[in-house]
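Per the numbering used here, the sequence shown starts with residue 103, numbered consecutively.
The structure appears right after this line, and notes come after that.
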Amino acid sequence: MDMNSATSHFKDRFGYSPAHIIRAPGRVNLLGEHVDYNDGLVLPAAIDRATYIAFSPSSTNHSTIMAVDFDQQAVFSLEELSTKTQSNGSPLPEWAHYPAGVMWALREAGLTTPAMDAVFLSNVPRGSGLSSSASVEMAFALAWQTLGGWTRSPLERALLGQKAENHYVGVHCGIMDQFASACGEANKALMLDCRSLEYRALPLPESVALVVADTTIRRKLTSGEYNNRRNACEETVKLLKEHLPGIASLRDVSLEDFDRLADTLPPELERRSRHVVEEIGRVNQSQSWLDAGDLQRFGQLMNQCHISLRDLYEVSIPELDAMVEIAQDLRGCYGARLTGAGFGGCTINLVEREQAGEFVERLANGYESKTGLRPEIYVCRASDGARLL
Ligand code: GLA
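Structure follows, in structure tokens:
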């Protein structure tokens with residue numbers, strides 16, 4: 103499942119060799135969950151699981167895009183973008199909203215999107231919290247840049263991908279996933295300030311492995327629940343503004359002010375926003391632990407983050423909790439928590455590399471005996487962002 107496979111599927115489908123191949127990775131997030139859309143700090147890393155797209159300019163004015171993983175194709179042009187239909191009038195399949203959304207966002211920004219023949223496939227599991235959709239968006243944004251002859255920075259392409267997701271797909275996500283897929287760096291995590299969009303790359307110690315454990319439960323109703331959480335944060339800002347007129351987002355609320363005003367909020371909004379305010383505090387704190395190479399303390403922040411996502415933000419599920427609890431008791435594990443939006447999907451575990459083999463085996467067995475489900479567990483490396491190969 104890689105570049106060769108993308109090439110051979112392209113040849114099978116179109117009968118000639120593709121002009122270009124792009125790889126765009128998924129991501130994990132180490133800390134700073136559900137804070138990107140509150141202007142907070144996040145700490146994602148791109149991973150060595152990715153979407154591959156093989157493509158060439160098309161001789162027609164329709165883009166023909168084949169999704170190998172769905173064994174389906176979609177054919178569309180600029181004219182059909184607003185109606186989300188294909189050139190034959192049938193609705194675009196859901197997976198095609200990502201490339202079509204990217205085309206829409208690029209056109210809105212005045213960029214050209216020449217018609218292409220393309221096949222894409224991915225080994226980022228879908229709906230698992232590893233940002234398979236952002237990886238598809240970043241692959242297509244770079245593909246159209248390659249054919250269009252314009253240049254935007256990786257960060258600018260990430261913002262265009264977020265716009266596609268917000269306004270075309272309809273998920274009001276923050277910038278973290280597209281940012282990580284576009285700007286990732288090998289062996290590094292990226293500390294991104296989601297307000298200023300400044301970031302710095304933090305080397306991950308060689309001695310530590312990023313272990314991703316997939317509960318195999320797929321998120322349901324994600325966009326609805328996700329958008330609800332985001333609305334709750336916005337609602338809280340409105341209420342808190344009566345007391346703190348200067349705030350623009352939860353990022354601007356100190357823990358002291360929050361504690362003082364917590365009683366004025368409806369209980370559900372209090373829980374949601376307490377998670378955000380405290381989580382932003384944890385990411386701030388984590389910088390000094392990471393700079394000092396103190397993985398023990400960093401891992402404790404990850405563990406606290408999970409409890410907060412479970413009890414305050416309420417985006418965990420029993421299988422994620424089981425995976426995290428088992429992991430936290432295993433040798434070599436610094437910290438474990440759910441990663442991404444939640445409601446299913448994966449946990450991220452920071453594990454002593456030498457212990458990773460034993461950790462994976464014990465976690466898989468422990469999870470299976472507790473839930474009856476066999477998990478998928480990957481020992482990942484932080485990887486580079488979207489690139490032409
Ligand atoms: C999803 C969104 C991100 C972010 C996370 C939660 O992955 O796409 O923008 O909000 O959830 O941290």
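Heads up, the beta-carbon is just placed ideally off N, CA and C, and yes, glycines get one too.
Only a predicted model underlies this, so the values are computations on that prediction, with no experimental measurement involved.
For residue i: DSSP bridge partner residues
i           : result
residue 131 : 146
residue 511 : In this structure the chain extends from 103 to 491, so residue 511 is not present and cannot be described.
residue 425 : Paired residue(s): none; residue 425 is not in a bridge.
residue 362 : Answer is none; residue 362 lacks a bridge partner.
residue 433 : Per DSSP, none; premise fails for residue 433.
residue 310 : 454
residue 489 : 125
Where the beta strand (DSSP E) through residue i begins and ends
i           : result
residue 248 : From DSSP, residue 248 is part of no beta strand (DSSP E) but of the alpha helix (DSSP H) over 234-250.
residue 290 : 290-295
residue 452 : 448-454
residue 285 : Premise fails: residue 285 lies in the alpha helix (DSSP H), 278-285, not in any beta strand (DSSP E).
residue 166 : 165-169
residue 178 : 174-178
residue 211 : Premise fails: residue 211 is in no beta strand (DSSP E) and is neither H nor E.
residue 223 : 218-224
Ligand 1 heavy atom lying under 7 Å from the CB of residue i
i           : result
residue 135 : yes
residue 279 : yes
residue 375 : no
residue 245 : no
residue 284 : no
residue 128 : no
residue 447 : no
residue 335 : no
residue 139 : yes
residue 207 : no
residue 435 : no
residue 148 : no
residue 275 : yes
residue 443 : yes
residue 405 : no
residue 165 : no
residue 268 : no
residue 255 : no
N- and C-terminal bounds of the alpha helix (DSSP H) containing residue i
i           : result
residue 387 : 369-393
residue 305 : No alpha helix (DSSP H) contains residue 305, which is instead part of the beta strand (DSSP E) from 301-305.
residue 409 : 397-413
residue 112 : 105-116
residue 473 : 458-473
residue 256 : 256-266
Beta-carbon spacing of residue i, residue j below 8 Å
i           : j           : result
residue 283 : residue 424 : no
residue 444 : residue 296 : no
residue 217 : residue 255 : no
residue 120 : residue 132 : no
residue 334 : residue 374 : yes
residue 490 : residue 248 : yes
residue 137 : residue 144 : yes
residue 410 : residue 372 : no
residue 235 : residue 258 : no
residue 485 : residue 263 : no
residue 356 : residue 272 : no
residue 406 : residue 384 : yes
residue 219 : residue 160 : yes
residue 461 : residue 436 : no
Proximity to residue i [Cα-Cα], best of the options
i           : options               : result
residue 87  : 441, 451, 471 and 476 : Because the chain in this structure spans residues 103 to 491, residue 87 falls outside the shown range and cannot be described.
residue 152 : 269, 359 and 222      : 222
residue 149 : 155, 126 and 471      : 126
residue 224 : 399, 104, 123 and 317 : 104
residue 416 : 111, 135, 108 and 112 : 135
residue 367 : 384, 356 and 344      : 344
residue 320 : 166, 454 and 422      : 422
residue 505 : 332, 226 and 317      : Given a span of 103 to 491 for the chain in the structure shown, any question on residue 505 remains unanswerable.
residue 207 : 246, 175, 194 and 195 : 246
residue 288 : 281, 300 and 304      : 304
residue 398 : 414, 172, 358 and 454 : 454
residue 106 : 157, 468 and 192      : 157
residue 330 : 139, 112 and 108      : 139
Check: residue i C-beta below 7 Å from any heavy atom of ligand 3
i           : result
residue 410 : Only ligand 1 can be found as ligands here, which leaves ligand 3 out of the picture.
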